[in-house]
Amino acid sequence: MKENIEKRVVGLFFLMLVILVGVAWLAANTIRKSTDKSAWVNQTHEVILGANSAASLLHAGDASMSAYLLTGDRRDQENYRTAYRAMASQLVVSVDTTKLNPYHKDFLSLTNLIGQHINFTRSLVQAREQGGEDAARQLALSHPDGSSTADIDLLVRQINEHQDNVLKQRDAEAVIQAKETTRVIYAGVVVNFALLLFASVLIRDDVKSRRIAATAMAEANAQLEAKVQERTAELVKSNQSLKKENLERRWSYQALDHQFRYNQLIVNAISEMVFVISKALNVSRVNPSVTHVTEWEAQDLISQSIERVLQIPADGPANPILTALNEGRELQERPAAVVTKSGASLPVRFNLVPLRDDNKVVGGVVTVRPWMGPPPKPAGPAASGPH
Amino acid sequence: MKKHILSVDDEQDIRELLQESLSMRGFRVSTAANPEEARKIAKADRPDLIILDFQIEESDGFVLIDEFKKLYPTIPLMLLTGAVFGKGAVREVIEKKVSSYLDKTASLSQIVDEIHRLIGDPEAEATKK
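So this is what it looks like as structure tokens:
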């Protein structure tokens, strides 16, 4: 859409340029023609002036010659000769100037007529010089058409009229051409103005649509920016939350680990032997005191029955620890003997505390301390628990 | 100006976790691994709250509590320890010595809540502004 408008605008401006160039060419051509015509008019005026001048000089020469014929005064003779020479020069110039013009022949005719007139005046002058004033008068009377001045004047008038007509015709043509040129220039200006108006409308529409598009884009960008910010804020919040959660977990783990190590330290610090057992009497954990007293390594005892190292005097069909765990009760200060790895039997007293998980007995903690009193009775059948 | 908390604990993990967590919540946190370091920091940059562990190398929490209470009577002290004291006389004695007592088994959010109670919540204050 935008590309089409741009193409149209460029096309319109190109068209305007073509019209402007056309109008300028037409104007320049008209000016050139006017200049040419001006030269022609000047020449025409020169022709008219040349013809009139020649006629005037002829008449002036004739007047001086007439005076000379009457008086024989040499000054008059000099005057008519000067006038005729000037006339001859003017005729030569006019004939030469009109050489390429259609009315050149008129000047040739004029030259011919004037030539005849000059010849006749020469003969009058000769008659005056040879026969005196009367001879010249007789010759003039005998040749009433000899001077042909009237023909010359007529021809000069004809030339003038003819040139005037041509000038008028050219003037009329110039007026028509000027009008046409004016019309063309006005038409070009109007068309250019219309095209400019159309281009303005196109540009205005394009600018308007671009502005609307820019506004829409700005709004879309603002919305997008807001969404991005909103989403970023959510992500930051979520990230913070995750960080806090992660820290909380690490803290919990650290606290548990710390607590475990602390408890372990406490348990390990106890000089009494500590056995953690399952409900089936298997050992799951011992403290260093056990390994120290029994000489067994912890791995030798883990998952083995506590009866391997702790022998309890029989006082019933079942091991009293098993019975106490099943019944969920404690045992206090019970006599027993610890059998070491080397086979030695040490008299001890032990306590049992059941371990509960959700009020359900899952095992027990047996603490054993050396007994300095009399040894317990030998272990009965109940002592031979699972190994 | 962010409120300054001094955390004294011989365990590096605990120090780092507390620093990270409390910094996230708008506090400025300094840490010390031993009493000497703690004394230097407290002297150079007076804290708004001192968090102490009970078990500290070269000393114990009680000694440091008494010392800090004497030097900075207006600064609240929080005892944060892994040496769990059960409900009873010992805990009562400790709670009288410090402004607040928490086990390390307490969650971080509980610890932070307790800090907010003692010296305020920077995030909430920023929201009010």
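Protein chains in written order, with numbering that gives the first Met the number 0: chain X, 0 to 386; chain D, 0 to 128. Here a beta-carbon is modelled for each residue, glycine too, at the ideal position from N, C-alpha and C. Just so you know, these numbers come straight off a predicted model, no measurement behind them.
DSSP places X:I269 in no alpha helix (DSSP H); its state is neither H nor E.
With 16 or more other Cβ atoms inside 10 Å of its own Cβ, X:Q89 counts as buried. In the structure shown, D:M77 adopts extended strand secondary structure according to DSSP, grouped into three states. Inclusion of X:Q258 and D:D12 in the CB contact set at 8 Å is not warranted, their separation being larger than that value.
Neighbourhood of X:Q258 in chain D, by CB distance below 9 Å: G81, V83, D102, K103, T104, in chain order. Counting only runs of 4+ residues, the alpha helix (DSSP H) found wholly inside the stretch 250–320 of chain X occupies 287–293, 297–300, in chain order.
D:S99 has a beta carbon lying at 8 Å or more from every beta carbon in chain X. D:G81 is the residue among D:L101, D:G81, D:V111, D:I110 whose C-alpha sits nearest the C-alpha of X:Q263.
The three-state secondary structure of X:N100, taken from DSSP, is coil. Here DSSP, grouped into helix, strand and coil, assigns X:S37 to helix. Beta-bridge annotation (DSSP): X:D356 is paired with X:K359.
Of the other Cβ atoms in all chains shown, 16 or more fall within 10 Å of the Cβ of X:A139; this residue is therefore buried. Closer than 8 Å to the CB of D:L78 there is not a single CB belonging to chain X. Sequence-distant partners of X:D105 (beyond 5 residues in either direction) whose C-beta falls short of 6 Å from its own C-beta, in its chain, are I158. From the listed residues D:I40, D:F61, D:T126, the smallest Cα separation to D:H3 is found for D:I40.
Setting aside the 5 residues that flank it on each side, X:S63 is surrounded in the same chain by D75, N78, Y79, A82, each with a C-beta closer than 7 Å to its C-beta; the list follows chain order. In the three-state reduction of the DSSP assignment, D:Y71 falls in the coil class, being assigned neither a helical nor a strand state. In this structure, D:L51 sits near D:L63, with a CB-CB distance shorter than 8 Å. Looking at the backbone, the Cα of X:V285 and that of D:S29 are separated by about 41 Å.
Assignment of X:F119 by DSSP, reduced to helix, strand and coil, places it in the helix class. Look at X:A254: its C-beta is under 8 Å from a C-beta on chain D.
Exclusion of the five residues before and after D:E66 leaves no residue of its chain whose Cβ lies closer than 6 Å to its Cβ.
D:P121: member of the alpha helix (DSSP H) spanning 121–127, first to last residue. Relative to X:I305, the option among X:A232, X:G327, X:V273, X:E332 whose CA is nearest is X:V273. Judged by beta-carbon spacing, X:Q303 lies beyond the 8 Å limit of X:V338, meaning their Cβ atoms are not closer than that value. Per the Cβ contact rule, the stretch 90–105 of chain X is not in contact with the stretch 175–195 of chain X (fewer than 3 Cβ pairs under 8 Å). For the stretch 262–277 of chain X, the set of positions with a beta-carbon nearer than 8 Å to some beta-carbon of chain D is empty. Taking a C-beta cut-off of 8 Å against chain D, the contacting residues of the stretch 232–248 of chain X are Q239, K242, K243, L246, E247, listed in chain order.
The C-beta of D:S20 comes closer than 8 Å to at least one C-beta of chain X.
When DSSP states are grouped into helix, strand and coil, D:P34 belongs to the helix group.
Between D:I13 and chain X, the shortest Cβ-Cβ separation is below 8 Å. Beta-bridge partners assigned by DSSP to D:H3: D:R27.
The secondary-structure analysis by DSSP pairs D:Y100 across a beta bridge with D:L78. Under the Cβ distance rule, X:W295 does not count among the residues neighbouring chain D, no pair being separated by less than 8 Å.
Under the criterion of beta carbons closer than 8 Å, X:V22 and X:I184 qualify as touching, at roughly 5 Å. Put simply, the backbone Cα of X:T148 is about 12 Å away from that of X:L56.
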